[in-house]
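Student: Input: one structure, supplied below.
Residue numbers (my numbering): 2 to 595.
What follows is the structure in structure tokens.
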């Protein structure tokens, strides 16, 4: 699968030889202080690989409790399916990109252009903060490096893990420098492919929200700043971006299509995308959203029934407050729902390449086929060239609302300039803070479907903001990181199911009078129904209650309960543990990983 960020100019190819050390050192290899880093062009070329190497490029096919594929991710299966890696850098304990970052920062002053020095220092420090954000999310405490380290400097090379407070403090120093010194590009258009002041503010709002909520819900007490400090930092960064940035929720006034149109546009929408990944099929550098959603070999992905139930009714009421919602079949459950549902999965009338595509159990393990990033006109796998978001203003608005709610400072005015602006695009009723807190949604806090640990005066509105985050950012962002920061690992133990079928029979999904799916029992003859998908219950389609129930593709898949004492972090590879030990510098493994 080809997934690259296309920089504005050609990337510099820098050779690298291997080096026997724990940091995967990347020697400068023939680049010398004398003949490089002397011009702005040198700095640009050296920093361009950061975009491709560090930014995420395939979030749309990441599994979670909201979207799954044939083979469940190791995180969803848990237990021994999350083994300790045995190779160097396995599991993410890898530092090659950091070496390149620090190489540039140590040599940037050689440039003959003072303004370029400031600009590329800011860009590089943005990427160092981004790099370390991933490391903190995965491992917690990690060693902080802000200089190049030679293979002979063992005291630094094998240094102990620094506290996450020290690392977070350094990340804030980096991102604040980027905010103060990066261009804002207010007067320009079509610039969401390069790091700006606004991208740095988005990053700050994101990692401070992570840290603040992680410390709050995990009860993490560390010398230094507390959870409230990071939540305030998140809210302040988001507020500056919302109030002073050149971004808004894009709309053409078509609530039935605008949400999906945003994600299938060939070029990133400069109104809403703060930072985006550029694709171009002329090069070709493309992604595989079409193959992911329409090709059986790509895993048959599907939204879970749990997630479908989260979508509100079009009038703003809860689907799970309707009588009989548990046993409602597809044709009824998708009626009059939040318009983002029909723009995220196949619903009646969905057309691609001039052909109607109804839900298909042969292409989705749940029956809820995703369509969010699939552009029209693409029929070849791995050939989508619509740009994908890294940061967009909707996420920043949700960061702001959540941080303020967790602080106990949220107001209705805060919701009106964030969540409710997002809802306006699809003509959904506004979220009312008083109403939400007076009637917290039982579904979103239930053991079977919801989030543990949410309480207090803002319980109801926090749950609603999480609903909005799930719906608006489906197949974006990092749901797994959200689950970890909320200490909601039990969500990964909840049932993974799909559509409901009350038994054998014919099912008209689109209301045209003709069945699209026909189910039959093993004791029945196989029906011959033209144009329909025909499946035998128990073999071709498994249901939770035998001859009826929810599609249960993973019913016999081994899953181990989430380990609250272990699974919020990743393990360090045994190779790296042994390497440190052999050098006489023991490296502490994360708790529970043996």
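Ideal Cβ positions, reconstructed from N, Cα and C, are used throughout, including at glycine.
This one's a predicted model, so the numbers in the text were calculated from it and none came from an experiment.
Assuming residue 159 and residue 452 form a contact by the criterion Cβ under 8 Å, report the distance between their Cβ atoms to the nearest whole angstrom.
Tutor: The residue you call residue 159 lines up with position 158 of the chain shown. The residue you call residue 452 lines up with position 451 of the chain shown. That belief does not hold up - the Cβ atoms of residue 159 and residue 452 are roughly 40 Å apart, past 8 Å.
Student: So the candidates are 51, 83 and 419; which of them puts its Cα closest to the Cα of residue 595?
Tutor: Mapped onto the chain shown, residue 595 falls at position 594. Checking every option, the nearest Cα to that of residue 595 belongs to 83.
Student: Classify residue 136 as buried or exposed, calling it buried when 16 or more other Cβ atoms lie within 10 Å of its own Cβ.
Tutor: Here residue 136 refers to the residue found at position 135 when the chain shown is read from its first residue. Burial call: buried.
Student: Quick one: what's residue 547 bridged to in DSSP?
Tutor: Position 546 of the chain shown, counting from 1, holds the residue named residue 547. Looking at the DSSP assignment, residue 547 forms a beta bridge with 544.
Student: May I ask which residues mark the beginning and end of the beta strand (DSSP E) holding residue 390?
Tutor: Position 389 of the chain shown, counting from 1, holds the residue named residue 390. Its beta strand (DSSP E) spans residues 389 to 393.
Student: Bridge partners for residue 525 per DSSP, in chain order?
Tutor: Taking the chain shown and counting its residues from 1, one reaches residue 525 at position 524. In the DSSP output, where bridge partners are listed per residue, residue 525 has none listed.
Student: To the nearest angstrom, report how far apart residue 470 and residue 396 are at their CA atoms.
Tutor: Taking the first residue of the chain shown as 1, we reach residue 470 at position 469. Taking the first residue of the chain shown as 1, we reach residue 396 at position 395. Going by the C-alpha atoms only, they are around 8 Å apart.
Student: Run the CB neighbour count on residue 318, radius 10 Å, all protein chains shown included, and call it buried at 16 or more, exposed below.
Tutor: Taking the chain shown and counting its residues from 1, the one referred to as residue 318 is at position 317. With fewer than 16 Cβ atoms within 10 Å of its Cβ, residue 318 is classed as exposed.
Student: Closer than 6 Å by C-beta to residue 163: which residues in its own chain qualify, once you throw out the five before and the five after it? Chain order, please.
Tutor: Mapped onto the chain shown, residue 163 falls at position 162. Closer than 6 Å at the Cβ level, and outside the excluded window around residue 163, lie 144 and 145.
Student: In terms of residue numbering, what span does the beta strand (DSSP E) encompassing residue 534 cover?
Tutor: Position 533 of the chain shown holds residue 534. Its beta strand (DSSP E) spans residues 534 to 537.
Student: For residue 165, is the classification buried or exposed, using 16 other Cβ atoms within 10 angstroms of its Cβ as the cut-off for buried?
Tutor: Sequence index remark: in the chain shown, residue 165 carries index 164 (1-based). Answer is buried; the Cβ neighbour count reaches 16.
Student: Over what stretch of residues does the alpha helix (DSSP H) that includes residue 292 continue unbroken?
Tutor: Taking the chain shown and counting its residues from 1, the one referred to as residue 292 is at position 291. 290 to 295 is the span of the alpha helix (DSSP H), which, as asked, contains residue 292.
Student: Since residue 508 is in the beta strand (DSSP E), which residue starts that stretch and which ends it?
Tutor: Residue mapping note: residue 508 aligns to position 507 of the chain shown, counting from 1. Taken as a continuous stretch (DSSP letters only), the beta strand (DSSP E) holding residue 508 covers 506 to 508.
Student: Let me confirm a value: residue 157 is counted as buried when at least 16 other C-beta atoms fall within 10 Å, else exposed. Which label applies?
Tutor: Locating residue 157 in the chain shown gives position 156, counting from the first residue. Exposed: under 16 other Cβ atoms inside 10 Å.
Student: Rounded to the nearest angstrom, how far is the Cβ of residue 517 from that of residue 533, given a contact under 8 Å?
Tutor: Working through the chain shown from its first residue, we reach residue 517 at position 516. Working through the chain shown from its first residue, we reach residue 533 at position 532. Yes, they are in contact, since the Cβ atoms of residue 517 and residue 533 sit about 6 Å apart, within 8 Å.
Student: Which residue marks the beginning of the alpha helix (DSSP H) containing residue 581, and which one marks its end?
Tutor: The residue you call residue 581 lines up with position 580 of the chain shown. Counting along the chain, the alpha helix (DSSP H) containing residue 581 begins and ends at 575 to 583.
Student: Please state if the CB of residue 350 and the CB of residue 303 are separated by a distance shorter than 8 Å.
Tutor: Here residue 303 refers to the residue found at position 302 when the chain shown is read from its first residue. Here residue 350 refers to the residue found at position 349 when the chain shown is read from its first residue. No, they are not a contact pair.
Student: For the beta strand (DSSP E) that contains residue 276, what are its first and last residues?
Tutor: By one-based count along the chain shown, residue 276 stands at place 275. From DSSP, the beta strand (DSSP E) with residue 276 extends over 274 to 278.
Student: Whose CA, out of 315, 365, 323 and 114, lies closest to the CA of residue 596?
Tutor: In the structure as shown, the chain begins at 2 and stops at 595. Residue 596 is therefore absent and cannot be evaluated.
Student: In this structure, does DSSP put residue 502 in helix, strand or coil?
Tutor: Within the chain shown, the letter at position 501 stands for residue 502. Three-state result, residue 502: strand.
Student: Could you tell me if residue 459 is buried or exposed, where buried requires 16 or more neighbouring beta carbons within 10 angstroms of its beta carbon?
Tutor: Reading the chain shown from its first residue, position 458 is the one you call residue 459. Buried, because 16 or more other Cβ atoms sit within 10 Å of the Cβ of residue 459.
Student: Rounded to whole angstroms, what's the CA-CA distance from residue 29 to residue 100? Just pull it up for me.
Tutor: By 1-based counting over the chain shown, the position of residue 29 is 28. By 1-based counting over the chain shown, the position of residue 100 is 99. Any reading at residue 29 needs caution, since the residue's pLDDT is 47, under 50, leaving its predicted position unreliable; the model's value is listed next. Each residue's Cα considered, the two are about 9 Å apart.
Student: Does DSSP put residue 20 in a helix, in a strand, or in coil?
Tutor: Within the chain shown, numbered from 1, the residue matching residue 20 stands at position 19. Because the pLDDT at residue 20 is just 33, under 50, the model does not fix this residue reliably, and the point stays unresolved.
Student: In whole angstroms, what separates the C-alpha of residue 229 from that of residue 213?
Tutor: The residue labelled residue 229 in the question sits at position 228 within the chain shown. The residue labelled residue 213 in the question sits at position 212 within the chain shown. Approximately 6 Å between the Cα atoms of the pair.
Student: When you compare the CB positions of residue 240 and residue 176, do they come within less than 8 Å of one another, or not?
Tutor: Within the chain shown, numbered from 1, the residue matching residue 240 stands at position 239. Within the chain shown, numbered from 1, the residue matching residue 176 stands at position 175. Their beta carbons are not under 8 Å apart, which means residue 240 does not touch residue 176 by this criterion.
Student: In or out: residue 383 buried (at least 16 other Cβ within 10 Å) or exposed?
Tutor: Within the chain shown, the letter at position 382 stands for residue 383. Buried: at least 16 other Cβ atoms inside 10 Å.
Student: DSSP three-state label for residue 163, please.
Tutor: The residue labelled residue 163 in the question sits at position 162 within the chain shown. Looking at residue 163 - three-state DSSP - the assignment turns out to be strand.
Student: Does the beta carbon of residue 307 come closer than 8 Å to any beta carbon on chain D?
Tutor: Of the protein chains in this structure there is only one, and it is not chain D.
Student: I'd like to confirm the pairing. Which residues does DSSP put opposite residue 371 in its beta bridges?
Tutor: As a first step, residue 371 is located in the chain shown; it is residue number 370 there, counting from the start. Note: residue 371 sits in a beta bridge opposite 346.
Student: Could you tell me the alpha carbon to alpha carbon distance between residue 346 and residue 61, rounded to whole angstroms?
Tutor: Working through the chain shown from its first residue, we reach residue 346 at position 345. Working through the chain shown from its first residue, we reach residue 61 at position 60. Rounded to the nearest angstrom, the two C-alpha atoms are 13 Å apart.
Student: Kindly give me the distance between the Cβ atoms of residue 42 and residue 119, rounded to whole angstroms, as I take these residues to be in contact under 8 Å.
Tutor: For this step, residue 42 is matched to residue 41 along the chain shown. For this step, residue 119 is matched to residue 118 along the chain shown. The Cβ separation is near 16 Å, so there is no contact.
Student: State yes or no: is the C-beta of residue 125 within less than 8 Å of the C-beta of residue 48?
Tutor: Here the question's residue 125 lines up with position 124 in the chain shown. Here the question's residue 48 lines up with position 47 in the chain shown. Result yes, Cβ atoms of residue 125 and residue 48 sit closer than 8 Å.
Student: Quick one, which of 232, 439, 524 and 391 has its alpha-carbon nearest residue 196's?
Tutor: Indexing the chain shown from 1 puts residue 196 at position 195. When only C-alpha atoms are compared, the closest one is 391.
Student: So the candidates are 450, 542, 464 and 161; which of them puts its Cα closest to the Cα of residue 578?
Tutor: Counting from 1 along the chain shown, the entry for residue 578 is found at position 577. Among 450, 542, 464 and 161, the Cα nearest to that of residue 578 is on 161.
Student: Counting pairs of beta carbons, one from the segment 507 to 523 and one from the segment 567 to 575, are three or more of them closer than 8 Å?
Tutor: Short answer: they don't touch.
Student: Helix, strand or coil for residue 338? Go by DSSP, reduced to three states.
Tutor: Position 337 of the chain shown, counting from 1, holds the residue named residue 338. Strand.
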